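Here's the structure we're looking at; comments come further down.
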Amino acid sequence: MALKLSEIQAPIASEMTEFEQKFRSFMKSKVFLLDQIMSYIVKRKGKQMRPMFVFLAAGVTGKISDRTYRGASLIELLHTATLVHDDVVDDSNYRRDFFSINALWKNKIAVLVGDYLLSRGLLLSVDNEDFDFLKIVSRAVREMSEGELLQMAKARNLDITEDIYYDVIRQKTASLIASCCAVGATASNASQEDVEKMREFGLKVGMAFQIKDDLFDYGTEEVGKPLGIDIKEQKMTLPLIYSLQNASSSTKRRIIRTVKSKGDHSKKVNEVVAFVRETGGIEYAQKVMNQYYQEAIQILETFEPSIYRDSLSQLVTYTIERSK
2 MALKLSEIQA
12 PIASEMTEFE
22 QKFRSFMKSK
32 VFLLDQIMSY
42 IVKRKGKQMR
52 PMFVFLAAGV
62 TGKISDRTYR
72 GASLIELLHT
82 ATLVHDDVVD
92 DSNYRRDFFS
102 INALWKNKIA
112 VLVGDYLLSR
122 GLLLSVDNED
132 FDFLKIVSRA
142 VREMSEGELL
152 QMAKARNLDI
162 TEDIYYDVIR
172 QKTASLIASC
182 CAVGATASNA
192 SQEDVEKMRE
202 FGLKVGMAFQ
212 IKDDLFDYGT
222 EEVGKPLGID
232 IKEQKMTLPL
242 IYSLQNASSS
252 TKRRIIRTVK
262 SKGDHSKKVN
272 EVVAFVRETG
282 GIEYAQKVMN
292 QYYQEAIQIL
302 ETFEPSIYRD
312 SLSQLVTYTI
322 ERSK
């Protein structure tokens with residue numbers, strides 16, 4: 002039976018409760034409208050997996066301290082800011098079954114809220130002289146922006162190769178999880194070698210996490226994400242890239258033409274999904290995902306055994322076994 006997140010976070014349950022309180026205080030503002038929006042954001046919080054990575058990484062490499070809370074808050078503020086901005090860019094009205102900020106308060110306010118969240122995170126680190134956190138997180142922000150722009154540039158012609166796909170997801174998704182783990186290790190005063198190992202561990206986990214997310218598009222699980230949404234948005238993900246690489250020239254042209262011109266037509270989307278399933282795209286993506294998973298676990302096992310290491314291992318397993 003699959004573990005629940007509440008069971009995985011057992012060694013840091015009290016820390017996560019305290020983190021919630023601290024995080025709320027870090028988001029406070031003197032502007033009523035901002036406070037109103039911040040309260041709404043807190044209410045619709047997700048699984049909080051990123052703070053969990055920070056706390057567990059700190060536990061694996063040393064001790065959880067006040068710096069750990071600040072590091073986790075910086076990551077969560079940054080992550081929340083990017084989600085708010087992403088909803089504006091994607092013109093999305095929903096986020097985790099809730100109305101998005103831009104849907105309720107319009108784009109201009111949403112952009113400013115995202116800016117505010119980012120500035121709160123930066124000031125939290127500056128005020129406490131956590132400059133090492135800023136170096137780690139600034140790298141992630143740069144990579145996330147580059148990854149998003151690389152994907153947009155390539156999406157126009159649907160010419161994303163497997164190598165480019167890995168570059169995109171490494172920058173867009175994996176870089177932030179890598180930062181979580183590096184910040185956690187840094188907060189516990191771990192050696193530079195251990196910080197780098199934790200960063201690499203997080204990178205592998207992030208790659209596996211995103212490939213799992215891409216597999217949802219092909220109906221491998223019954224989830225809230227609509228079937229074929231990536232295809233409709235003309236996003237080239239690993240299952241489709243692999244299937245196209247191994248298709249005949251005529252089939253490749255036909256499928257690309259379908260994605261380009263009929264992406265919003267359910268019948269045509271189902272044709273693309275069926276093509277990927279029939280040509281081994283699902284199995285290949287699962288194989289690559291499991292390879293990243295194994296590499297992450299191998300890195301994790303170089304650290305001393307502990308309840309934190311056990312939970313972190315379980316959290317990695319959860320990322321590739323989750324159903325949404």
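To convert, count from 1 in the sequence shown and add 1; that's the numbering used here. Don't be surprised by glycine CBs; every beta carbon is placed ideally from N, CA and C. This one's a predicted model, so the numbers in the text were calculated from it and none came from an experiment.
Looking only at GLY220, SER267, CYS182, the smallest Cα-Cα distance to GLY207 is reached by CYS182.
Per the coordinates, the alpha-carbon of ARG71 lies some 29 Å from the alpha-carbon of TRP106. When DSSP states are grouped into helix, strand and coil, PHE100 belongs to the strand group.
Proximity of the region 270-278 to the region 236-251 meets the contact definition, three or more beta-carbon pairs being nearer than 8 Å. The distance from the Cβ of ALA286 to that of ASP214 is about 11 Å, inconsistent with a contact at the 8 Å cut-off. Considering only GLN299, PHE56, LEU204, the residue with the shortest C-alpha distance to MET17 is PHE56.
GLY282 carries a helical assignment under DSSP once its states are collapsed to helix, strand and coil. When secondary structure is reduced to three states using DSSP, PHE56 falls in the helix class.
Annotation: GLN315 to SER262 spans about 42 Å, alpha carbon to alpha carbon. By alpha-carbon distance to VAL61, the top candidate from SER93, ILE13, ARG143 is ILE13. In this model, THR187 and SER267 are separated by some 48 Å (Cα to Cα). The alpha helix (DSSP H) runs of length 4 or more contained entirely in the region 108-183 are, from start to end of the chain, 132-156, 163-170. Rounded to whole angstroms, the separation of the alpha carbons of ALA58 and LEU125 is 21 Å.
About 5 Å separates the beta carbon of LEU78 from that of ARG121, a gap short enough to meet the 8 Å contact definition. In this structure, the alpha-carbon of PRO52 lies about 7 Å from that of SER74.
For the pair of segments examined, the region 197-204 was found to touch the region 171-185: the number of CB pairs separated by less than 8 Å reaches three. When rounded, the separation of the alpha-carbon atoms in GLN172 and SER15 is 32 Å. Within the same chain, and ignoring the five residues on either side of LYS64 in sequence, the residues whose Cβ sits closer than 6 Å to its Cβ are SER189. If you look at VAL206, you'll find it in the alpha helix (DSSP H) that goes 193-216. Here ASP36 is not near LYS46, since their CB atoms are 9 Å or more apart.
Going by beta carbons, VAL273 and ILE298 fall outside the 9 Å limit. Selection VAL32, GLN10, ILE42, ILE232 evaluated against ARG25 yields ILE42 as nearest (Cα-Cα). Shown here for LEU118: same chain residues with a beta carbon closer than 6 Å to its own, the five before and five after excluded, namely LEU78, THR81, ALA82 in chain order.
Counting C-beta atoms within 10 angstroms of its own C-beta, ALA209 has 16 or more neighbours from the protein chains shown and is therefore classed as buried. Taking 9 Å as the cut-off, the Cβ atoms of ASP88 and ASN103 count as close. Apart from the 5 residues on each side of it in sequence, ILE170 sits with its Cβ closer than 7 Å to the Cβ of MET208, GLN211 in its chain, given in chain order.
Excluding its 5 nearest sequence neighbours in each direction, PHE134 has C-beta neighbours in its own chain below 6 Å: GLY72, LEU75, SER126, VAL184, listed in chain order.
In the three-state DSSP reduction, ILE321 falls in the helix class (H, G or I).
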